[in-house]
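For the sequence shown, UniProt numbering begins at 1 and goes up steadily by one.
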Amino acid sequence: MARAASGAVPDRGGRVPRDPHGRLSRAQGHPVRLWLYLRSALFIGQMYLVMAVMALAWLPVVLTRPDGASRAIRSYCRYVRWSARAICGLASEVRGPVPQGEVLIASKHQSFFDIILLCSVLPAPKFIMKKELLRTPIVGWYATRIGCVPVDRGRKGRAVAQMIEGVNAGRGTRPGQLVIYPQGTRTAPGADLPYKTGAAILYEQLSEPCVPVATNVGVFWPRSGLRRSPGLGVVEFLEPIAPGLDREAFIEELRDRIETRSDALMAEAGWTAPLPPPARDPAP
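Take a look at the structure:
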């Protein structure tokens, strides 16, 4: 069979095979992979450069308007979505009704891109975040301005109480959409990490609906590494969970909704779970 110039074997329709991430197959050799990583590096570099420029440009608005920081972040995140598509071919879409007013949002977290998508549409987001991020230039200062709640994850016995105190302190002065990541960290597609009690405690304490959020962005923008692959990254707001469930029932319902829909979104993107390793025969 004739081969493409890159070395890949075309299918019957003459198309060169691609993997679920939208990349060309490995048989095409290093030039294609190199181009993917060069585009990714260009995108990442300009993303942080524009962050610094926009942070300074928006400073007068941030310092003079109560919603200035939220507006600045939303503007920046919309730019990142546009540049991801223009440079990397990574389009993005937000599905479902966008929550308004004071509400608890429990989101699947696969990479920085799901934060970008949430902040590009939510009117007044504030995140439960690890305390160390406050020391990050620009990000830490803006996070403080929008009312994010820092938590010291190293002090597990104190972390939940600290979170509740921070949430209660900000509800009167900075109303908005409180976002928590129930697994506590970024998770790779297919990773099975437990859902922690923090989201359930907030759900119980606030006595308000919780909006689950599913995503597939980790397929194209992984939690670590340089690669940014072409495709369609999606964040989807799901049907709210009404208040009144006990903690165990809430976590079970939350996990079922988020994981089921996230798996569907990843399958829509062409991702399939890796097969488990074959079982070894017992030694004789």
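Beta carbons: idealized from backbone N, C-alpha and C, even for Gly.
* To do: Inspect the beta-carbon positions of Glu102 and Gln177 and report whether they are closer than 9 Å.
  => Result yes, Cβ atoms of Glu102 and Gln177 sit closer than 9 Å.
* Where do the N-terminal and C-terminal ends of the beta strand (DSSP E) with Gly233 fall, by residue? -> Where Gly233 is concerned, the enclosing beta strand (DSSP E) stretches over Gly231 to Phe237.
* Are Cys119 and Arg74 closer than 9 Å when you measure CB to CB? -> With respect to the 9 Å criterion, Cys119 and Arg74 are classified as neighbours on the basis of their beta carbons.
* Arg95 in three-state terms, based on DSSP -> Note: Arg95 maps to strand in three-state DSSP.
* Check whether Cys88 and Ser224 have beta carbons under 9 Å apart -> Cβ atoms of Cys88 and Ser224: not closer than 9 Å.
* Asked: Which residue's Cα is closest to the Cα of Ile128: Asn168, Ser262 and Gly68?
  -> Cα-wise, what sits closest to Ile128 is Asn168.
* Asked: By DSSP, does Pro150 sit in helix, in strand, or in coil?
  -> In this structure, Pro150 counts as strand in the three-state DSSP scheme.
* Asked: Are the beta-carbon atoms of Asp114 and Lys131 separated by less than 9 Å?
  -> Against a cut-off of 9 Å, the Cβ pair of Lys131 and Asp114 comes out as no contact.
* Who pairs with Leu118 in a beta bridge, going by DSSP? -> Answer by DSSP bridge pairing: none, since Leu118 is not bridged.
* Asked: DSSP on Phe220, reduced to helix/strand/coil?
  -> DSSP places Phe220 in coil when its eight states are reduced to three.
* **With 16 other Cβ atoms within 10 Å as the buried cut-off, status of Thr215** => So Thr215 counts as buried.
* Assigned secondary structure, Ile87 (DSSP; H/G/I helix, E/B strand, else coil) -> Looking at Ile87 - three-state DSSP - the assignment turns out to be helix.
* Asked: Just reading off the alpha helix (DSSP H) that Ser262 is part of, what are its end residues?
  -> DSSP places Ser262 inside the alpha helix (DSSP H), whose first and last residues are Arg247 to Glu268.
* Taking DSSP as the reference, what is the three-state secondary structure of Pro209? -> Three-state DSSP puts Pro209 in coil, outside helix and strand.
* Could you please give the first and the last residue of the uninterrupted alpha helix (DSSP H) stretch that includes Ala124? => Unbroken run through Ala124: none, as it is neither H nor E.
* Asked: Relative to the C-alpha of Val217, which residue among Leu42, Ser107 and Asp67 is closest?
  -> Of the listed residues, the one whose Cα sits closest to Val217 is Ser107.
* Asked: From which residue to which residue does the beta strand (DSSP E) around Leu104 run?
  -> Where Leu104 is concerned, the enclosing beta strand (DSSP E) stretches over Val103 to Ser107.
* **Ser92 and Val235 closer than 9 Å at C-beta** => The answer is yes: Cβ separation under 9 Å.
* Cβ neighbours of Leu38 in the same chain (closer than 6 Å, five flanking residues each side left out) -> Scanning its chain for C-beta atoms nearer than 6 Å, with the 5 sequence neighbours on each side dropped, one finds no residue around Leu38.
* Asked: Cβ atoms of Cys210 and Leu104: under 9 Å apart, would you say?
  -> For Leu104 and Cys210, yes; Cβs fall inside 9 Å.
* Asked: If Pro212 sits next to Ile241, beta carbons under 8 Å apart, how far is it from one beta carbon to the other, in whole angstroms?
  -> Contact between Pro212 and Ile241 holds: their C-beta atoms lie close to 7 Å from each other, under 8 Å.
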